[in-house]
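Everything below concerns the one structure shown next.
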Amino acid sequence: MLFPKRLIPTYGLIVLFLLSGFTIYGQDSSIPLNASIAYADTLTIKPNLHNIDSLKSVVASNLIKGDTLKSVWTLMKLMDAYSHQANYAQAYETIWSALTLVDSSDKKVIKSHIYRRLGAMYSYNKRKEEALKYLQMSLDIMKDQVEKGTMPKASLAHSYYTFSYTYRGLDEPEMAKKYLDSCYIYYGDVPDKIDLPFLKFEESYVLREEQKYEEAMQTLAEIEPWFQNNTPSYLVLVYAYWAVIYKRLGDIDKTIEYYKKALRISDKYQSHIDFTPFIYEKLSENYKRLGNYKEAYQSLDKAKTLNAKFFDGRSQNNIPLMEIKNEYRLEKERQQEVIRQQRMEKLEQQDKILLLQRIILGTSLVFVVIIGFVYVKHIRSKHRAEKLLMQKTKALEMEQANELLETKNKELAASTLQLVEKDEFLKRLKTELRGEDGTVKVSEINRVLKSISVGSANNWEEFKLRFTDVNKNFYEKLNNTYPNLSQTDQKICALIKLNLSSKDMARLLGISTKSVHTTRHRLRKKMGLQRSDNLEELIASL
1 MLFPKRLIPT YGLIVLFLLS GFTIYGQDSS IPLNASIAYA DTLTIKPNLH
51 NIDSLKSVVA SNLIKGDTLK SVWTLMKLMD AYSHQANYAQ AYETIWSALT
101 LVDSSDKKVI KSHIYRRLGA MYSYNKRKEE ALKYLQMSLD IMKDQVEKGT
151 MPKASLAHSY YTFSYTYRGL DEPEMAKKYL DSCYIYYGDV PDKIDLPFLK
201 FEESYVLREE QKYEEAMQTL AEIEPWFQNN TPSYLVLVYA YWAVIYKRLG
251 DIDKTIEYYK KALRISDKYQ SHIDFTPFIY EKLSENYKRL GNYKEAYQSL
301 DKAKTLNAKF FDGRSQNNIP LMEIKNEYRL EKERQQEVIR QQRMEKLEQQ
351 DKILLLQRII LGTSLVFVVI IGFVYVKHIR SKHRAEKLLM QKTKALEMEQ
401 ANELLETKNK ELAASTLQLV EKDEFLKRLK TELRGEDGTV KVSEINRVLK
451 SISVGSANNW EEFKLRFTDV NKNFYEKLNN TYPNLSQTDQ KICALIKLNL
501 SSKDMARLLG ISTKSVHTTR HRLRKKMGLQ RSDNLEELIA SL
């Protein structure tokens, strides 16, 4: 099967196409899929495409071939043809058939064009609410496609243009101007762009309603040649609106002349014949002003006849339209209601399941929270106990280390004092040896003196080793903080660390007490200390 089975009974229109025996119009079968869209209240197709039977045959042929898209484009052209013959029932049915063909597809752009035509159809019958609803649906689709990047921004011009001429038909010039301005904003170079004269015509209407009659007529005069060469059928509207301007200016003869020109164009091209009752009514009014009551009566009678044919609710052409006999929409509403009911039931079932899941989840969460709370409390208590134990252990270790350090420092100080005493003894011995006269040999004296000097140096090295063992990081910290200290300075620092007096330092180093004071003074300068700084406290902190 080449197309969905559910589409066959819709309106009976497609069945009629398939059963028709007319010859397929050859040129129309090659219409490009991105062809320009014929505007809903104009007929921009060629005159020979007005043949409704040929258009119906093209649709049937495309459906047999399975080419749904070409069928839809041709259905929209067919709707335009019906509209210009004021056969709104068939036009209405045709455009709904086009929507049926693409309803289940993802052809958003085509749906947008169809919604625009539906909006225009409703506006013909002054059904403003429905008209604006479908026009807005069309615009929303186009905006979505523009945001997704599948359509250029210029494509929005079509939607705004349709809004503009719809508000013109509803005689709301301010809204017509608003959407015309939006149309100009998005007007650009696209394959199916709106020809500028169509926009200029809408502009002339706005100028006319703003009482800028000279500008309005100048605009109409500029676009008239283009319509004569390209879309002469549209001159029905051009001349009719031109006539209104002459009427407002008080030129009755020109008013009648342009209304007659509009009627001749409508009769020649069989287009916009739904507009002819209005023209005949206006002709009647103007003939009456001139005192030509015969022509006034004939024009009024013609207007009433055409109004009854096209717009009277008793017209056989319009009864189906006025009753909104729309099986598609009714079926869609029934389907949507069934779907809605099923969805409601499904949602209620899901709500019950969700409620049960929430209860289970809530209970589980409460249980997990309680377990977590107990566990965290236990862990915190354990960590607190461990931390307290570690603090006590660390305090004990530090206390023991300090005690050990103090003991070793005391031992070191005692040992140092012993060394000092030893050195003093040796010094006295040296003095005595040097001062005695006798048979002691000079070589023996020199040997004793040499051994005393070596012993003194060894004593310092022994002290340094024992001091470093007790205060392991002292020299490292001292050198890192004050790298410019000499070896003598470092010795003084070590002895200050042991709280030795200047006198003991002098005896240990073998220098005078004055030299110790001088060395301490030089040491303070190297360390950058002020008079208020305590050298002993600083060295004790290392």
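Position 53, counted from 1, in the sequence shown is what the UniProt record's numbering calls 53; the numbers after and before it change by one each time, with no gaps. Glycine included, C-beta positions come from ideal geometry on N, C-alpha and C.
Check	Outcome
Helix, strand or coil at L529 according to DSSP, with G and I counted as helix	coil
Straight-line Cα distance separating H378 from L529	53 Å
Limits of the alpha helix (DSSP H) - the one that G169 falls within	156 to 169
Under the three-state DSSP convention, the category T150 falls into	coil
Distance between N286 and Y124 (C-alpha atoms, nearest Å)	25 Å
Distance, S233 Cα to F201 Cα	14 Å
Y161 vs Y134 beta-carbon contact at 7 Å	no
Limits of the unbroken alpha helix (DSSP H) element including P225	213 to 230
Proximity of A91 and M76 at Cβ, strictly below 7 Å	no
7 Å CB neighbourhood of K491 in its chain, flanking five on each side removed	L509
Sufficient close CB pairs (3 or more, under 8 Å) joining the region 88 to 103 to the region 126 to 142	no
Extent of the continuous alpha helix (DSSP H) run through L63	52 to 65
Pair within 7 Å by beta-carbon distance, A157 and Y187	yes
Under 7 Å between C-beta atoms of K288 and Y259	no
Rounded separation between K526 and A401 - CA only	32 Å
Rounded C-alpha distance that separates Q270 from Q342	50 Å
Contact check, Y246 vs T255, beta carbons under 7 Å	yes
Where D103 sits in the DSSP three-state scheme	coil
Distance between M344 and R334 (C-alpha atoms, nearest Å)	15 Å
For T150 and A120, believed in contact at Cβ under 8 Å, the rounded distance	Incorrect: roughly 24 Å between the Cβ atoms, too far for contact.
Contact set for L263: own chain, Cβ-Cβ below 7 Å, skip 5 residues either direction	T276, I279
Local conformation of N402 per DSSP, three classes	helix
Pairwise C-alpha distance: S415 and L404	16 Å
Length of the line joining the Cα atoms of L485 and A385	47 Å
CA-to-CA distance, G372 to E537, given in whole angstroms	52 Å
Contiguous beta strand (DSSP E) assignments of at least 3 residues, all confined to the region 224 to 291	none
Cα-Cα separation, residue 557 to A413	The structure shown has nothing for residue 557, since the chain only spans 1 to 542.
Beta-carbon gap between F474 and L542 smaller than 7 Å	yes
Check whether R522 and L535 have beta carbons under 7 Å apart	no
Length at least 3, wholly inside the UniProt domain "HTH luxR-type" (482 to 542): the beta strand (DSSP E) runs in chain order	none
CB-CB length for A56 against N62, believed under 8 Å	The sequence shown places Lys at residue 56, not Ala. Not really, about 11 Å apart at Cβ, beyond 8 Å.
Exposure label - P197; buried when at least 16 CB within 10 Å	buried
DSSP-derived helix/strand/coil call for K392	helix
Close-in-space but distant-in-sequence residues of the same chain around K261 (CB under 6 Å, 5 per side omitted)	Y239
Simplified DSSP assignment, three categories, for N480	helix
Contact under 7 Å by Cβ, M142 with S112	yes
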